[in-house]
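Q: Chains as they are written, first to last, in the numbering used here: chain A, 142 to 303; chain B, 9 to 148. I have a structure I would like to understand better, so I am pasting it below and will then ask my questions one at a time.
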C-alpha cells in the first residue's frame with residue numbers, strides 16, 4: 142500500500158509496535174465518511190500527542206483515490222499527515238486489506254450527469270478498528286456515530302496497557 | 009369595549025405574524041467544505057407551514073455543476089450507501105430535517121474550493137412556490 146508519507150507499507154504488518162487507529166473512507170463520499178473523518182479528527186486531538194499511536198485511513202475506492210487525491214483531501218480536512226497515514230494502492234492490494242478487516246466496499250449505483258459524465262458511489266462498511274502493538278484487532282465499532290470521548294479513552298487505555 | 013379592542017388587536021397581530029411567515033421556510037443551512045471539482049453534502053431544515061403538502065422537485069446551486077437530493081441507506085448486510093431521490097415531499101404542517109447519515113443535498117463538482125466560513129447559495133425548486141433560496145454556511 143502506498144501512503145501519503147511517500148512510503149510503501151505492507152499494511153498493517155509494517156505498523157507493528159504501534160497502536161493503530163484504522164478507518165476507511167473514500168474521497169467522493171459526502172456523508173458517512175465525512176462524519177467518520179470528523180470523529181477521527183476529534184479523537185486525534187485527544188490522543189494524537191502520544192507518539193506510540195498511529196492513525197491509518199484506507200481508501201474504499203482505489204480507482205479514484207490516488208495519493209494526490211488523498212493528500213488534497215487531507216489538506217481540506219486539516220488531517221495532520223505524519224503519524225496519520227492515508228493509504229491507497231492497486232485494487233487488488235486494497236481489496237486484500239478490506240478482506241483482512243472484514244470491510245465491504247462495492248459500487249452501489251452509477252449515474253450519468255447532465256454533462257454526460259458517469260459517476261458512481263460506494264456502499265461500504267461503516268467501521269473503525271483499533272490494533273494493538275502485535276497488529277491484533279482489539280476494537281471495532283461504527284465510525285460515523287462514534288462516541289469520541291469513550292473511544293479516545295479506549296485508545297489511550299490500550300496504548301498504556303502495552 | 010376594552011375587551012373588544014384587545015381581541016381586535018390580538019387578531020390583527022396574529023394575522024400579520026402569519027403573513028410574515030413564509031409558507032415553506034428553509035433554515036439552518038450548512039454544507040461540508042470541499043475542494044474545487046469534488047463532491048460534498050449540504051443540510052438544512054424545510055418547514056411547510058401550509059395545510060397542503062408540497063414537493064421539492066429539484067435543487068440548484070451556483071457552487072456546483074450538478075445538485076441532487078440523496079438519502080443515506082443501510083443495507084441488509086450492514087453497509088451504508090446513498091441513493092438519489094427524484095423528489096422530496098414535505099407534508100402539510102411538517103418539518104423535514106436534512107442531516108448527516110440521512111437526507112442530504114449532494115453537490116457534484118464544486119466550481120470553486122469552499123472552506124470553513126465561506127457561503128454558498130442553494131435554490132430548492134418547489135412545485136407550489138417556485139424557487140426557494142437559502143444561504144449555506146460552509147463548515148469543515
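The beta carbon of each residue, even a glycine, is placed where N, CA and C say it ideally should be.
1. Bridge partners of residue 323 of chain A, per DSSP?
2. Identify each residue in the segment 27–61 of chain B for which the Cβ-Cβ distance to at least one residue of chain C is less than 8 angstroms, and report them in chain order.
3. Let me make sure I understand the geometry here. Which of B:53, B:120, B:66 has the alpha-carbon closest to that of residue 217 of chain A?
4. Using the Cα positions of residue 60 of chain B and residue 107 of chain B, report the straight-line distance between them to the nearest angstrom.
5. If you draw a straight line from the C-alpha of residue 133 of chain B to the C-alpha of residue 241 of chain A, how long is it?
6. Would you mind sorting residue 232 of chain A into buried or exposed? The rule is 16 or more other CB atoms within 10 Å of its CB.
7. Distance cutoff 8 angstroms, beta carbons only. Does residue 278 of chain A sit that close to anything in chain B?
8. By Cβ distance, which residues of its chain are closer than 6 angstroms to residue 104 of chain B, with the 5 residues on each side in sequence left out?
9. Apart from the five residues on each side of it in sequence, which residues of its chain come closer than 6 angstroms, Cβ to Cβ, to residue 131 of chain B?
10. Closer than 8 angstroms by beta-carbon distance: list the chain A residues that pair up with residue 91 of chain B, in chain order.
11. Short check: CB of residue 159 of chain A to CB of residue 189 of chain A, under 8 angstroms?
12. Since residue 109 of chain B meets chain A, which of its residues come closer than 8 angstroms, beta carbon to beta carbon?
13. Find out if the Cβ-Cβ distance for the pair residue 166 of chain A, residue 222 of chain A is shorter than 8 angstroms.
14. Exposed or buried, which one is residue 277 of chain A when buried takes at least 16 other CB atoms within 10 Å?
15. Can you tell me which residues form a DSSP beta bridge with residue 33 of chain B?
16. If you check the beta carbons only, do residue 72 of chain B and residue 137 of chain B fall under 8 angstroms apart?
17. Could you tell me the distance, in whole angstroms, from the CA atom of residue 49 of chain B to the CA atom of residue 274 of chain A?
18. Does residue 171 of chain A pass the burial test, meaning 16 or more other C-beta atoms within 10 Å, or should it be called exposed?
19. Measure the C-alpha to C-alpha separation of residue 226 of chain A and residue 237 of chain A and round it to an integer number of angstroms.
20. On the three-state DSSP scale, how would you describe residue 39 of chain B?
21. Just to make sure I have the definition right: I need the residues of chain B whose C-beta is within less than 8 angstroms of the C-beta of residue 219 of chain A. Which are they?
22. Does DSSP put residue 222 of chain A in a helix, in a strand, or in coil?
23. Would you check if there are 3 or more beta carbon pairs closer than 8 angstroms linking the segment 286–293 of chain A to the segment 255–262 of chain A?
24. I'd like the span of the beta strand (DSSP E) that includes residue 88 of chain B, first residue to last.
25. Am I right that residue 142 of chain A and residue 228 of chain A are in contact with their C-beta atoms under 8 angstroms? What's the rounded C-beta distance?
26. Between B:85, B:36, B:80, B:43, which has its C-alpha nearest residue 266 of chain A's C-alpha?
27. Does residue 302 of chain A come out as helix, strand or coil in the three-state DSSP assignment?
28. For the alpha helix (DSSP H) containing residue 173 of chain A, name the first residue and the last one.
29. Sorted by chain position, which residues of the same chain lie with C-beta nearer than 8 angstroms to residue 207 of chain A's C-beta, five sequence neighbours on each side aside?
30. From the DSSP secondary-structure annotation, give me the bridge partner or partners of residue 130 of chain B.
31. With a Cβ-Cβ cutoff of 8 angstroms, do residue 146 of chain B and residue 128 of chain B count as a contact?
32. With burial defined as no fewer than 16 other Cβ atoms inside 10 Å of the residue's Cβ, what is the status of residue 180 of chain A: buried or exposed?
A: If we stick to the structure as given:
1. This structure gives no information on residue 323 of chain A, because the portion of chain A shown stretches from 142 to 303.
2. The structure shown has no chain C; the protein chains it does contain are A and B.
3. B:120
4. 24 angstroms
5. 46 angstroms
6. exposed
7. no
8. 54, 98
9. 68, 139, 141
10. 249, 250
11. no
12. 172, 173, 176, 285, 286
13. no
14. exposed
15. B:55
16. no
17. 37 angstroms
18. buried
19. 18 angstroms
20. strand
21. 148
22. coil
23. no
24. 88–93
25. 4 angstroms
26. B:85
27. helix
28. 173–188
29. 229
30. B:69, B:142
31. yes
32. buried
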